[in-house]
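Okay, so the sequence shown: first residue is 1 according to UniProt numbering, each after it adds one.
Cβ atoms here follow ideal geometry from the backbone N, Cα and C, with glycine treated the same way.
Nothing here was measured: the structure is a model prediction, and the numbers come from that model.
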Amino acid sequence: RAAEEAAPPAAAATAEPAEAPVKAAKPPPIGPKRGTKVRILRKESYWYKGTGSVVACDQDPNTRYPVVVRFNKVNYANVSTNNYALDEIEEVK
Numbered sequence: 001r002a003a004e005e006a007a008p009p010a011a012a013a014t015a016e017p018a019e020a021p022v023k024a025a026k027p028p029p030i031g032p033k034r035g036t037k038v039r040i041l042r043k044e045s046y047w048y049k050g051t052g053s054v055v056a057c058d059q060d061p062n063t064r065y066p067v068v069v070r071f072n073k074v075n076y077a078n079v080s081t082n083n084y085a086l087d088e089i090e091e092v093k
């Protein structure tokens, strides 16, 4: 038993330094960049066919409405921002 404790595991010690650490490449950013002007395509939205600017875009692919858009005009509830899905907005040149 003393011999087992004294001897280091040779396979584990030599295998790790030989492998170079591989970094995972960053995925491409999701959605428009911050500050981009976008047109709203969601028909039930107060700002339908209106334009606003992107405040933030959540990079989690599981988020249903990742794009936060701010408008100059407020809606009936005095709110000037709303979240939209990627297919509910289009970039304006």
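Query	Result
Would you check if the region 19–34 and the region 42–50 touch, i.e. whether three or more CB-CB distances between them fall below 8 Å?	no
If distances are taken between C-alpha atoms only, which option among Ile30, Val38, Tyr76, Asn78 comes closest to Pro66?	Ile30
Of all the options Ala85, Asn72, Gly50, which has the alpha carbon lying nearest to the alpha carbon of Asn62?	Ala85
The beta strand (DSSP E) spanning Ile30 covers which residue range?	It is not in any beta strand (DSSP E) - Ile30 carries neither H nor E in the DSSP assignment.
Quick one: using the 10 Å Cβ neighbour count with 16 as the cut-off for buried, is Asn82 buried or exposed?	buried
Using the Cα positions of Arg70 and Arg39, report the straight-line distance between them to the nearest angstrom.	11 Å
Alpha carbon to alpha carbon, how far is Asn75 from Tyr48?	11 Å
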